[in-house]
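Residue numbers (the working numbering): 8 to 193.
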């Protein structure tokens with residue numbers, strides 16, 4: 008340190024050198040603190056932007072889940088759904104005594120058959136006639152005694168109501184049994 012003070016000159020003493028170094032260090036430290044404060048502000052802004060993005064993603068996910076739930080409800084549980092018409096009609100057919108005589112005590116219902124024996128979706132048709140919405144479902148029945156086809160149709164006036172429900176056996180002696188017939192005579 009002595010050789011350094013000789014090189015610098017007589018104007019610098021040890022104390023003035025220490026004072027100047029401490030002053031420079033203090034300025035650097037203040038700059039560092041200012042930079043840290045700016046960094047903290049920047050970090051807070053980045054963190055808030057990240058949180059906002061994740062909240063938007065969460066809200067979109069909840070919305071998509073709600074939409075999926077609505078679509079599933081409409082497809083499987085509303086009266087407008089072919090699945091609901093099928094399940095209600097099948098339970099009415101199973102409970103009917105005449106159908107039990109025709110098909111047997113255990114009656115199964117299923118959609119169209121393919122060539123490979125796999126069962127496909129229910130054959131259904133939605134249409135509008137006379138200003139009223141209608142849905143018609145055709146499905147197959149299988150019991151211990153016979154096989155057959157069921158046709159069911161519902162109509163929406165104020166609420167969904169049965170228009171007709173009938174079954175027809177496919178055995179050698181074809182019989183038709185009408186469970187519900189609310190059609191207006193032509």
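C-beta atoms are modelled at their ideal positions from N, C-alpha and C, and glycine is treated no differently.
Could you name the residues that DSSP lists as bridge partners for residue i?
i, result
"residue 171", "160, 188"
"residue 146", "157"
"residue 141", "134, 162"
"residue 96", "DSSP, once it has assigned bridges, lists no residue as partnering residue 96."
"residue 102", "Bridge partners of residue 102: none, in fact."
My understanding is that residue i touches residue j, with C-beta atoms under 8 Å, so please give their C-beta distance in whole angstroms.
i, j, result
"residue 96", "residue 148", "Their Cβ separation, rounded to whole angstroms, is 10 Å, which puts residue 96 and residue 148 out of contact at 8 Å."
"residue 90", "residue 83", "5 Å"
"residue 160", "residue 139", "No, residue 160 and residue 139 are not in contact; Cβ-Cβ is about 11 Å, not under 8 Å."
State buried or exposed for residue i, treating a residue as buried only when at least 16 other CB atoms are found within 10 Å of its CB.
i, result
"residue 72", "exposed"
"residue 109", "buried"
"residue 44", "exposed"
"residue 57", "exposed"
"residue 93", "buried"
"residue 39", "exposed"
"residue 189", "exposed"
Among the candidates the options, whose CA atom is the shortest distance from the CA of residue i?
i, options, result
"residue 170", "179, 176, 180, 158", "158"
"residue 177", "154, 133, 164, 138", "154"
"residue 179", "54, 113, 152", "152"
"residue 119", "112, 127, 113", "127"
"residue 104", "192, 186, 190", "186"
"residue 135", "65, 59, 87, 107", "87"
Scan the region 39-84 and note each continuous alpha helix (DSSP H) run of 4 residues or more that stays entirely inside, going in chain order. Runs found: none.
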